[in-house]
Each structure stands twice: as C-alpha cells, then as structure tokens.
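Novice:
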Amino acid sequence: MTYHARTNHLLVESIGDELLVYDRLNHHAHRLNRTAALVWRHCEGKRDPREIAAELGATLGCTLDPRAVTAALDDLAGAGLMEQAPAGPRVSRAHVVRALKAAAVGAALPAVVTIVAPAPAEADSPTAQPAKKTIDLRGKEAFVLGVTPATGPGLVGGITAFTGFPGSTPPVLVTVHIPPDADIELNAENCQNLLKMMQDALDRMMTGGLAASQMQIQSQRDAIQSVKDQCKGVH
Amino acid sequence: MRLRSFGVTFEIVAARDVAGALAPAFPPHATRTACEGRALRFSVGLAHPDRGRLMTIHRGRRTICRDAPLVVARDILEHALRRAIAVSSPHHLFLHAGVVGWKGRAILIPGHSFSGKSTLVQALVAAGATYYSDELAPVGDDGLVHAYRRPIALRTHGGAFASPSLPAPRARSVKPLPVGLIVCTRYRENAAWAPQELSAAEAAMELLANTIPIRARPRRALRLLKRLALGAPAHRSERGEARDAAREILRMI
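The listed protein sequences derive, respectively, from chains A and B.
Residues in the first sequence are numbered from 607 upward in steps of one, following this note's numbering.
Residues in the second sequence are numbered from -9 upward in steps of one, following this note's numbering.
1) Shorter than 7 Å, the distance from the beta carbon of V169 (chain B) to the closest heavy atom of the ligand ZN, or not?
2) Could you give the C-beta distance for I243 (chain B) and G130 (chain B), rounded to a whole number, given that I count them as a contact under 8 Å?
3) Please list the residues of the stretch 609 to 622 of chain A that have a C-beta atom closer than 8 Å to any C-beta atom in chain B, keeping them in chain order.
4) Going straight from the alpha carbon of A76 (chain B) to that of A182 (chain B), what length do you get?
5) Rounding to the nearest angstrom, what Cα-Cα distance links E661 (chain A) and P80 (chain B) in this structure?
6) Considering just the uninterrupted stretch of the alpha helix (DSSP H) at V77 (chain B), what are its terminal residues?
7) Out of B:D7, B:A15 and B:I2, state which residue places its alpha-carbon closest to the alpha-carbon of A24 (chain B).
8) So what does L126 (chain B) bridge to, in DSSP terms?
9) Give me the subset of the stretch 178 to 202 of chain B whose CB atoms are less than 8 Å from a CB atom of chain A, sorted by chain position.
10) Looking at C-beta atoms only, is the number of pairs between the stretch 173 to 191 of chain B and the stretch 207 to 227 of chain B that lie closer than 8 Å three or more?
11) Using a Cβ cut-off of 8 Å, pull out every chain B residue sitting near A717 (chain A), in sequence order please.
12) Compare the beta carbon distance of A219 (chain B) and I658 (chain A) with 8 Å and say whether it is the shorter of the two.
13) Per DSSP, D629 (chain A) forms a beta bridge with which residues?
14) Using only CA atoms, which one of B:G27, B:R241, B:E196 and B:R209 lies nearest to L617 (chain A)?
15) Which residues, in chain order, does the stretch 206 to 217 of chain B contribute to contact with chain A at a C-beta distance below 9 Å?
16) Tell me, please, which residues DSSP counts as bridged to S(-5) (chain B).
17) Quick one: give me the first and last residue of the beta strand (DSSP E) that A4 (chain B) is part of.
18) Can you list, in chain order, the residues of the stretch 658 to 689 of chain A whose Cβ is nearer than 9 Å to any Cβ on chain B?
19) Could you check which residue in B:G(-3), B:I202, B:E187 and B:S123 has the C-alpha nearest to that of V164 (chain B)?
20) With a cut-off of 8 Å on the beta carbons, I'd call L114 (chain B) and I239 (chain B) a contact; round off their distance for me.
21) How would you call N639 (chain A), buried or exposed, if buried means at least 16 neighbouring beta carbons within 10 angstroms?
22) Answer with yes or no whether the minimum CB distance from L167 (chain B) to chain A is below 8 Å.
23) Could you name the residues of chain B that R647 (chain A) contacts, counting a contact when the two beta carbons are closer than 8 Å?
24) Where does L30 (chain B) sit, in a helix, a strand or coil, going by DSSP?
25) Could you pull the DSSP bridge partners for A224 (chain B) from this structure?
26) How many angstroms separate the CA atom of R22 (chain B) from the CA atom of H82 (chain B)?
27) Under 8 Å between C-beta atoms, does A11 (chain B) make it to chain A?
28) L83 (chain B) CB to nearest chain A CB: under 8 Å?
29) For the 8 Å Cβ check, are there 3 or more pairs between the stretch 624 to 641 of chain A and the stretch 188 to 195 of chain B?
30) Give me the subset of the stretch 627 to 643 of chain A whose CB atoms are less than 7 Å from a CB atom of chain B, sorted by chain position.
31) Going along the stretch 215 to 236 of chain B in order, which residues come within less than 9 Å of chain A, judged by CB to CB distance?
32) Under the three-state reduction of DSSP, which class applies to E689 (chain A): helix, strand or coil?
33) Which residues in chain B have a C-beta closer than 9 Å to the C-beta of P724 (chain A)? List them in chain order.
34) Give the interface partners of E624 (chain A) over in chain B, defined as CB-CB distance under 7 Å, in chain order.
35) Taking Cβ to Cβ, would you say V675 (chain A) is nearer than 8 Å to V627 (chain A)?
36) I'd like the span of the beta strand (DSSP E) that includes M195 (chain B), first residue to last.
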C-alpha cells in the first residue's frame, strides 16, 4: 500500500529540520520532528513503508526500521495529515521503541505533537480558566488587598473575581465593590461569606444561561448592605 | 472621542465625565486621533441615572456590560479594548506573554493566565530588567517586541487582582527590542529551576499556543513565530520562587 500526505488547507513552515503544520480546517497545530517530517514529505503515493524506510535511511545515513515508518504513518494519520489512514492494525509504539532500541537504530523516533490553536478568548487573559476554577477560597487574600485604593487595571478598591465561559465575550465579571471607607471588617469569616455569595451568583448565572452574564448589584450601597446581611450572626 | 493604539482605531462614545472616569481602561500608549476611517465603536452610558453611576457598554450594537458599577465597567471595557487590539492589530502579532528588556534584548515569557507571568515579570524588573508588559507581547512585522505597559496586575487564584507594587509605567516609552530569550515556565511550589533547551520548533509551538489571533491570521503568525523561534534560544522549566528564577533567567542572556 502507498500513502498520500494531505496538503489541502494546511500551512507548513519548516523550522530547523522540523515542521510546523497548521490545519486551517480544525485549527490544530502539529509539530513533526525530523523523522516524522521526512516520512510525511515522502508520502507522495509512490512508496510503501519499506521503500520509504530505505530512502530515508540513505538520507539520514543510518538504518531506518520500516516499523518506525509505519508508526510515523499511524501518528500522521491520527493527526489528520494523511489522505487516508494506513491499512491494517495500528503499530504499538512501545513495541516499536523496544524493537528500535534493540536494533540500536540511529534515527530519532518519529514524533508528532498536536495542540489545538487557541481561540482569542482562550489565549487572552483571563478567560482561559474554566469558570469553576476561578472562584476559589484561596482568593481570600485578595479581599484584604481589595480594600486598598489600588490603581491596577483590574481592581480599584474592590473585590473582583473573573470567570469565563467557553465562547463568552467578554469574560463574565462578578464583582462586589467595597470602598476603602466601608464599615465592614474584612476578616476570614466575612471573606467566606462574600465568596459564598459570589459563588451562588455564579451558579445562578450558569444555570440561567449566559444571557444573564453579570451579577447585578444595584449599587455600592446595596452591595455593602448585602454583605452586611450575609455577615449577620457571624460575629 | 477617537483613540488609536497599535493601528486599531476606537471610538468611545460617552459623556465627558464618564469618559474621564473610564480613562484608566484605555490601552497604554493610546493616542487621540482625528482620523475618519473605520473604528471599533464602544458606547458607554449611564444605565439608570437616578440610581447612581451604573453603566451600560455597547460594542457596536452588542451589549457587553449592563448595569455595572464603575469599577466593573472599567474592567470590562479595558478587557474589551485590549482584546480588540490583540485580535485586530494590522501590523503587530499579539502574544499572551510577559516581556522585559535586558541588555538590549527582550525576554519573552509566554503563558496562560495563572502561570505566574506577572509575578515573574515583577521579579525580573526588581532585579534590574526593564518592564515591557506583564500580559501582552506585541510583535511587529520586523520581529521586534514592543511594550504594552499597563501597570503590573498580580492575579490570585480567586481571580482578583492584587495591587501593583510598581509604579504605573504608562507614561514612559521604551524602544522595541529583538527577542533574546524565550522562557516557558510556570510556578509550582518548591520547584527547582532546571531549564531544558527547546528546539526552535518546540519554541514556536509554545508561542503558537499563546498567539491571540492565530486562528484569524495563521499564515502571518507562523512566519513570525518561526522568525522569533529561530532568532533566540528557548528554555522550559518549572519555577519556584520568582526572585530565584529571575536571577537565573537574567544570567542566561
């Protein structure tokens, strides 16, 4: 059987002796190490794995086991870089590694590493984190910092928790704003209450869909009163 | 008012006092412009003037924030503007990365949120490096890295920002630098600094994973990422304390 490398909708950059391949159909990016790159380049529909191995062996100046080529073809097909998947059973990578080590083969094993290219919301802070992870009790130290009249872009004298939903734009922002002169003692228990309140709001937003994407605290006064109410009985 | 930053023009429609209150959300280095061309339009209005300063923000016809207190509205606007620049800039490729300058070269620290970029950038600056960005690395078509100098914001795992401990550098400008080192790292408690050199293709993949407009402009991005990856050594390591890692990183260039 002969093999055809896929070429349509692919952007290919050779970087050193490796290849970076970007698939415009599914936005996957693949890194092919030298051996995998050579195998892929030789898949022109004219040779079988044994012939490819022989030709690459001559190029690399070493013996290349045809099983390594078959393993590379499996990897390349799995990455969607071949026109069709290799026929027959998949080659066990561990088996190939053992065999090649035993044969003391000089060429590096083929390797294809794939990532999914980030959508803008994923590559951009702070939406890369799943929603549930961003509300976390470890954040409570931020409450102490929150009452400092800071000048950062994310927080000015308040308490802010970001969260992102897949595909949501912009990230949902759950905020309780407490001015520095607020008559509230920010101890650990109050922080726990605040966090619970914010988590409850987040849960309501998640169950209610993305349309209600922001906890609407009507005013700073209401927010503070809300916190005070939450904190009743704590002291 | 019309603002321009990294080749992207914004039109901010808001009452004068509201615009003034939102000014900290505007991108660093944004300049006022009178150009008439296409602009991304953001309109900010007071949602319920009788109930205090709750703001509603629209981008074009789409509502991106409704009934938000000033601090929330400012955060959302800042994020929306930053994101619009990163996606739309015609002459710069925006990477999600921290950047400092050192010995005439840029040290690029690509990484997602919560990887500890800002903390490391802060430590590098404390060790003598020049602050360029804790969040975005705008790379020009010439391969030079520009500054995106908002005040450093340290975010906790709770999602909140700690107050910056460095003065806001908004007013100072720094010149674009060629990349001298790419450092792929993330914080792990008590981790030892043990850098492993990456191949150029590995480095390019690390950068690609943090390239904001990669899906929109993959051809241009690949070309530029290749240039960056071939032009500078790249290392990967977990790190423990930022101060220790910063010292080691500065020795590498």
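C-beta atoms are modelled at their ideal positions from N, C-alpha and C, and glycine is treated no differently.
Specialist: Taking the structure as given:
1) What this structure holds is no ligand at all, so the ligand ZN is not there to describe.
2) 20 Å between Cβ atoms; not a contact.
3) L617, E619, I621 and G622
4) 34 Å
5) 44 Å
6) L60 to S78
7) B:I2
8) B:H86
9) S189, A190, A191, E192, A194, M195, L198, A199, N200, T201 and I202
10) yes
11) By Cβ distance, chain B contributes nothing, its closest Cβ being about 11 Å from A717 (chain A), past 8 Å.
12) no
13) A:L616 and A:H634
14) B:R209
15) A206, P208, R209, A211, L212, R213, L215 and K216
16) B:V(-2)
17) A4 (chain B) -> no beta strand (DSSP E), and no H or E assigned at all.
18) none
19) B:S123
20) 7 Å
21) buried
22) no
23) Correct list: empty, because the minimum Cβ distance to chain B is about 15 Å.
24) strand
25) B:I172
26) 19 Å
27) no
28) no
29) yes
30) Y628, R630, H633, A635 and R637
31) L215, K216, A219 and L220
32) coil
33) H86, H102, L198, A199, N200, T201, I202, I204 and R205
34) S189 and A191
35) no
36) Note, M195 (chain B): premise wrong, no beta strand (DSSP E); alpha helix (DSSP H) at A190 to L198.
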